[in-house]
Amino acid sequence: MKAVNKKVLSVFIALCLLIGLSTGFLSLEKKEHAEAAGKKKTEVKNIIFMVGDGMGVPFLAAHRYMKDNPNTKIIENTTFDSYLVGMQTTYADDEEQNITDSASAATAMSSGVKTYNAAIAVDVHQNEVKTVLEEAKALGKSTGLVATSELTHATPASFGAHDISRHNMNQIADDYFDEMINGKHKVDVMLGGGLKNFVRTDRDLTEEFQNKGYSYVTNKNEMSSDKNKQILGLFADGGLPKMIDRTKEIPSLKEMTNVAINKLNKNKDGFFLLVEGSQIDWAAHDNDIVGTMSEMEDFEQAFKAVIEFAKKDKETLVVLTSDHSTGGYTMGANGEYNWFPEPVQSAKRTPDFMAAEIAAGKSVEETLNKHSGLELTSEELDTVVIAAEPIDGVKDVTKIDNAIENIYNARSNSGWTTSGHTGDDVAVFAYGPKKDRFSGLIDNTDQAKFIFDILEENSPYLPLTIEDVSSKSTKIKGMTAPGATISVKVGKETIGSGKANENGEFIINIKNQKAGKELTVLAKNKDKSSKVVKLLVK
5 MKAVNKKVLS
15 VFIALCLLIG
25 LSTGFLSLEK
35 KEHAEAAGKK
45 KTEVKNIIFM
55 VGDGMGVPFL
65 AAHRYMKDNP
75 NTKIIENTTF
85 DSYLVGMQTT
95 YADDEEQNIT
105 DSASAATAMS
115 SGVKTYNAAI
125 AVDVHQNEVK
135 TVLEEAKALG
145 KSTGLVATSE
155 LTHATPASFG
165 AHDISRHNMN
175 QIADDYFDEM
185 INGKHKVDVM
195 LGGGLKNFVR
205 TDRDLTEEFQ
215 NKGYSYVTNK
225 NEMSSDKNKQ
235 ILGLFADGGL
245 PKMIDRTKEI
255 PSLKEMTNVA
265 INKLNKNKDG
275 FFLLVEGSQI
285 DWAAHDNDIV
295 GTMSEMEDFE
305 QAFKAVIEFA
315 KKDKETLVVL
325 TSDHSTGGYT
335 MGANGEYNWF
345 PEPVQSAKRT
355 PDFMAAEIAA
365 GKSVEETLNK
375 HSGLELTSEE
385 LDTVVIAAEP
395 IDGVKDVTKI
405 DNAIENIYNA
415 RSNSGWTTSG
425 HTGDDVAVFA
435 YGPKKDRFSG
445 LIDNTDQAKF
455 IFDILEENSP
465 YLPLTIEDVS
475 SKSTKIKGMT
485 APGATISVKV
495 GKETIGSGKA
505 NENGEFIINI
515 KNQKAGKELT
525 VLAKNKDKSS
535 KVVKLLVK
């Protein structure tokens, strides 16, 4: 009987404790909800989106073998491996091709809209689509583009410009200057290649950017010593040299990324930064395992720097993926169950670099002995000598390049199925707050959809973008939150007002104003959040 009473008493006490704890938790939960309702906490202040162009899964595996410690039985992980969260589909919305190009894939990731191959942030009807970079800028964040390609190349262009074709690279460069968001240039930091697209006979955009307060730099020292928040850095006429071919004057992807972060992070409202390892793809198109692994290393070092920043910052979301896979690469070929990294590790320059020297007149044997890192057989040497024989007095650099690449492919036992893209799914990596959104199997359009949601959820601002207003304008057009009220003032006088529709679009009738007049546009949402934008009449 006493034992029963003890049991009953024990149960009673446990129930009392449980009720008390539950009440405490409920009270705490109510308090937290009340605080959350009173003050919106920003979990994601900064977003860094990284693209390894052409970086299929086999390149991740080959890079792991390249980094392996031969003195251990295991193959050690790379920096990428710890942050793998899922996979991504990559198909395009193209009437003729269901395998994507870089422009279509980048548009999907920047806007959440599938489109045709070659499209730069336009849909299948060639209408412009809003990008996550543009949304970040509209929310008061700083923005940046970093790439080892031309800044006007498909991936960076699809985040910061709009064009019906990726091949219109001069017009894309113009977009970076001409297209404004709330009267401001949409990209604050631009670092990469493509000088020829910015400095032309018809226009010098480097001067135009400098006239608007940007710094303009052309080498690593100038970039590193610059103190300005806005910068245009162009380090090559076209794409930058690959990592193992690079001179000391040209910054690495890691160095450009660190400079971009340091500048953009000065904005208290945060930033959006796109970083592209562009030439993994270029080397893979060439079936060049040396160049591909060079660019994988360059990309990994940039990723490592980004992760180091994000771990210290604690309010930065990092997402890394690829737009597609290139080359149909296989580790192992011809039925042989081996892949050998040593020949690739031995290379001191890319086949591209060696071929260019030979085509320019240097000795085949001397060039290969100096840069290949290999003890070549007479048969291997002969293949390059034959490829270097001039036709009508001209050496074919592509034939020479292919001959050298074939040596490394044979020595490493590398296989390739195409010189183009493949339809493989690609890996997704993520770190920081909200990283779980990107886990599992997602589509490339989900990247933008998730980022748009995160920007909206974590913004202390009401979004508000306004089209340019000229002295002939009798309407103000823009985008804000659905249902928000808008008023337009000149000084203290209200010259127009209205309400955004269910899509957030608004058109406000106004009297036309003289050029140079300052307009103040105020948007107020139902949740009492607001945004003010001032702009000058053109």
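Under this note's numbering, the final residue of the sequence shown carries the number 542; numbering is consecutive throughout.
From the three backbone atoms N, C-alpha and C, an ideal C-beta is built for every residue, glycine too.
All of these numbers come straight from a predicted model, not from anything done at the bench.
Reduced DSSP category for residue i - H, G, I as helix; E, B as strand; rest coil
i	result
Q92	strand
N50	strand
M184	strand
S329	strand
E33	Bear in mind that the predicted position of E33 carries a pLDDT of just 39, short of 50, making it unreliable; the figure below should be weighed with that in mind. Correct three-state label for E33: helix.
F344	coil
E384	helix
Y218	coil
M300	helix
D290	coil
L155	coil
G28	Confidence in G28 is poor, its pLDDT being 43 and thus under 50, which makes the residue's placement too unreliable to answer from.
L378	coil
M113	helix
H129	coil
G3	Look at the range of the chain in this structure, 5 to 542, and you will see that residue 3 is not part of it.
M59	coil
S367	coil
S106	helix
F213	helix
D208	strand
K481	strand
E361	helix
L278	strand
Close-in-space but distant-in-sequence residues of the same chain around residue i (CB under 8 Å, 5 per side omitted)
i	result
T498	S491, V492
S534	L466, L526, A527, K528
Other residues of its chain near residue i: CB distance less than 6 Å, five sequence neighbours each side excluded
i	result
H425	I103, H328, T330
F181	L209, E212
V322	I52, V310, A314, Y435, G436
I362	V368, T371, A392, I404
T111	T119, A123, A125, S162
Q214	Y220
G60	S329, D428
D285	D57, G58, T330
N223	E253
V536	L526
K298	Note that residue 298 is Ser in the sequence shown here, rather than Lys. Contacts found: K246, M247, I248.
R415	P347
S474	K542
Nonlocal neighbours in the same chain, by C-beta distance under 7 Å from residue i, ignoring five residues either side
i	result
E522	K538, L540
R353	I248, D249, H375
E154	M173, G196, G197, G198, N201, G242, G243
F454	R441, F442
G508	M483, T484, A485, P486
A142	I185, N186, P467, L468, T469
Residue(s) in a DSSP beta bridge with residue i
i	result
T2	No answer is possible for residue 2: the residues shown for the chain start at 5 and end at 542.
S418	M335
M194	L149, L236
N516	Looking at the DSSP assignment, N516 forms no beta bridge with any residue, so it has no partner.
D167	I124
Y435	V322
H189	M184
H425	T330
Cβ-Cβ distance between residue i and residue j below 7 Å
i	j	result
N448	S477	no
L244	G281	no
F442	T83	no
A488	N529	yes
K145	D273	yes
A452	S106	no
T159	V55	yes
W420	N338	no
D98	N121	yes
L445	M91	yes
T70	P355	Looking at the sequence itself, residue 70 is Met, so the reference to Thr does not match. Not in contact: M70 and P355 (Cβ atoms no closer than 7 Å).
L149	L278	yes
Q283	K246	yes
A177	T152	no
E139	L459	yes
Supposed close pair residue i, residue j - CB separation, criterion 8 Å
i	j	result
Q305	K267	The Cβ separation is near 19 Å, so there is no contact.
L137	M194	Actually they do not touch by this definition, with Cβ atoms about 11 Å apart.
G547	V128	The requested residue 547 is not part of the displayed model; the chain covers only 5 to 542.
V348	T94	About 26 Å separates the two Cβ atoms, so there is no contact after all.
A407	T387	5 Å
F433	T325	7 Å
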